[in-house]
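**Student:**
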Amino acid sequence: MKNFFEKIAANGPLYTAGQIIGLALIIWNFFIYVQKSHEKILIFKCAGDLMSVVQFAFCGAYTGAALNVVMAFREIIFLNKTKHKWASGKIWLYVFIVLIFLSPFVTSKEPILSALWLLNVLPAFGSSLAVIGLYNEKTLITKMLSGIGIACWLVYVILLKNYIQIVGNVITLSSICIGITSELIRRKKGDEKETNEIICNRDIDTTVQNGEIDNEKRNEKRDSI
């Protein structure tokens with residue numbers, strides 16, 4: 001454990017500060033995808049991405065920092081999608097995907113198509129999937145696509161040896177798994193409830209119909225007498 005902290009401190013005060021910010025992110029990221037509403041997921045994700053901008057910049061991962069700037073702006077737009085006409089256009093989805101894929105060209109100093117350059121493309125691909133997921137208002141799709149995107153980021157931070165982000169992404173993936181499981185359970189309970197209501201209503205209708213038939217028979221007997 002002592003060697004671990006010595007390695008962090010050896011990278012300088014900014015890197016150390018970035019790791020400390022990352023500790024707060026670890027806790028924060030757990031709560032993003034366990035939210036039940038699409039709006040709350042966006043709010044928590046935006047706050048987490050803004051913290052990630054600082055964390056990645058302090059650790060010298062400028063592609064990661066740039067991507068998180070775009071992602072925070074993305075969540076602000078998507079939050080206003082149903083509130084303002086200027087944010088409702090589908091064009092925003094394509095704008096963010098293009099911006100995300102342009103970021104490795106702008107921020108990476110590595111030769112294009114080199115191994116290290118392709119490494120910077122990996123989180124861009126993951127973020128593009130997350131854009132599609134967050135644009136979709138179905139929370140299950142949001143969580144599933146975000147999970148694939150986080151897996152791409154996990155590979156990126158592992159190769160960069162960004163230890164706090166590694167832990168943070170593992171916890172985020174755990175949060176997504178919990179969120180997906182919880183939603184599937186809620187849906188199953190909802191389907192069972194709906195089925196029971198249909199059966200109950202059918203039984204009531206049958207009872208009413210039988211009652212009407214019995215009344216008709218009694219009336220027929222009375223009329224024959």
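In the numbering used here, the protein residues as written are 1 to 225. Ideal Cβ positions, reconstructed from N, Cα and C, are used throughout, including at glycine. None of these values were measured; they are calculated from a predicted model.
1) Hey, Thr172 and Ile32 are a contact pair by Cβ (cut 8 Å); roughly how many whole angstroms apart?
2) Would you decide whether Ala10 is buried or exposed? Buried here means 16 or more other CB atoms lie within 10 Å of its CB.
3) When the Cα of Gly168 is compared with those of Gly64, Pro123 and Trp28, which residue comes out closest?
4) Please determine, among Ser127, Val121 and Tyr62, the residue with the shortest C-alpha to C-alpha distance to Phe96.
5) Return helix, strand or coil for Val208, following the three-state DSSP convention.
6) Leaving out the 5 sequence neighbours to the left and right, which residues in its chain are closer than 6 Å to Val208 when beta-carbon positions are compared?
7) If I measure Cβ to Cβ from Ile166 and keep anything under 8 Å in the same chain, skipping five residues before and after, which residues do I get?
8) Could you check whether Gly48 and Tyr15 sit closer than 9 Å to each other, using their CB atoms as the reference points?
9) Which residue marks the beginning of the alpha helix (DSSP H) containing Lys45, and which one marks its end?
10) Out of Tyr62, Phe58 and Ile91, which one is the CA nearest neighbour of Arg74?
11) Go ahead and pull the three-state DSSP assignment for Val230.
12) Whose C-beta lies closer than 7 Å to the C-beta of Phe44 among residues of the same chain, with five residues either side of it excluded?
13) Considering Leu119, what are the terminal residues of the alpha helix (DSSP H) in which it resides?
14) Going by beta-carbon coordinates alone, are Ile132 and Leu102 separated by less than 9 Å?
15) Rounded to whole angstroms, what's the CA-CA distance from Lys138 to Arg187? Just pull it up for me.
16) Kindly indicate which residue of Val121, Asn120, Ile150 and Leu122 has the alpha-carbon position closest to the one of Leu134.
17) Going by C-alpha to C-alpha distance, which of Ile21, Ile41, Ile26 and Lys7 sits closest to Gly179?
18) Residues in its own chain within less than 8 Å of Ala57 by CB, not counting five upstream and five downstream?
19) Can you tell which of His38, Asn120, Ala72 and Leu50 has its C-alpha closest to the C-alpha of Leu160?
20) At the level of alpha carbons, what is the spacing between Lys189 and Val106?
21) Suppose the cutoff is 7 Å on Cβ atoms and the five residues either side in sequence are ignored; what does the same chain contact list for Pro111 look like?
22) Name the two residues that bound the continuous alpha helix (DSSP H) containing Ile76.
**Tutor:** Taking the geometry as given:
1) Within the sequence shown, residue 172 is the residue found at index 172, counting from 1. Within the sequence shown, residue 32 is the residue found at index 32, counting from 1. That belief holds up - the Cβ atoms of Thr172 and Ile32 are roughly 7 Å apart, short of 8 Å.
2) Counted from its first residue, the sequence shown places residue 10 at position 10. Exposed, because fewer than 16 other Cβ atoms sit within 10 Å of the Cβ of Ala10.
3) Here residue 168 refers to the residue found at position 168 of the sequence shown. It is Trp28.
4) Within the sequence shown, the letter at position 96 stands for residue 96. Answer by Cα proximity: Ser127.
5) Taking the sequence shown and counting its residues from 1, the one referred to as residue 208 is at position 208. Here Val208 scores only 48 on pLDDT, less than 50, and its place in the model should not be relied on; the value that follows carries that caveat. The answer is helix: DSSP assigns Val208 an H, G or I state.
6) For the purposes of this step, residue 208 is taken as residue 208 along the sequence shown, with counting starting at 1. Legend: pLDDT at Val208 = 48, less than 50; position of this residue unreliable, value from coordinates given subsequently. For Val208, where only same-chain residues beyond five positions count, there are no Cβ hits under 6 Å.
7) Indexing the sequence shown from 1 puts residue 166 at position 166. Answer for Ile166: Leu154, Val157 and Ile158, listed in chain order.
8) Along the sequence shown, one-based indexing puts residue 15 at 15. Along the sequence shown, one-based indexing puts residue 48 at 48. Contact flag unset, no.
9) Walking along the sequence shown from the start, residue 45 turns up at place 45. Segment His38 to Phe58, the alpha helix (DSSP H) holding Lys45.
10) Numbered from 1 along the sequence shown, position 74 holds the residue referred to as residue 74. Nearest to Arg74 by alpha-carbon distance, out of Tyr62, Phe58 and Ile91, is Ile91.
11) Outside the shown range of the chain (1 to 225) lies residue 230, about which nothing can therefore be said.
12) Walking along the sequence shown from the start, residue 44 turns up at place 44. Closer than 7 Å at Cβ, skipping near neighbours: Phe31, Ile32 and Gln35.
13) As a working note, residue 119 is residue 119 in the sequence shown. From DSSP, the alpha helix (DSSP H) with Leu119 extends over Ala115 to Tyr135.
14) In the sequence shown, the residue the question calls residue 132 occupies position 132. In the sequence shown, the residue the question calls residue 102 occupies position 102. For Ile132 and Leu102, no; Cβs fall outside 9 Å.
15) Locating residue 138 in the sequence shown gives position 138, counting from the first residue. Locating residue 187 in the sequence shown gives position 187, counting from the first residue. If I take the Cα positions, the gap works out to 13 Å.
16) Position 134 of the sequence shown holds residue 134. Looking at the Cα atoms, Ile150 is the closest of the given residues.
17) Residue 179 sits at position 179 when you count from the first residue of the sequence shown. Checking every option, the nearest Cα to that of Gly179 belongs to Ile41.
18) Here the question's residue 57 lines up with position 57 in the sequence shown. Within the same chain, and ignoring the five residues on either side of Ala57 in sequence, the residues whose Cβ sits closer than 8 Å to its Cβ are Gly18 and Ala65.
19) Residue 160 sits at position 160 when you count from the first residue of the sequence shown. If we check each option's Cα against that of Leu160, Asn120 comes out closest.
20) Taking the sequence shown and counting its residues from 1, one reaches residue 189 at position 189. Taking the sequence shown and counting its residues from 1, one reaches residue 106 at position 106. Lys189 and Val106 have their C-alpha atoms spaced approximately 48 Å apart.
21) By one-based count along the sequence shown, residue 111 stands at place 111. Excluding residues within five positions, the ones whose Cβ falls inside 7 Å are Trp117.
22) Here residue 76 refers to the residue found at position 76 of the sequence shown. Its alpha helix (DSSP H) spans residues Tyr62 to Leu79.
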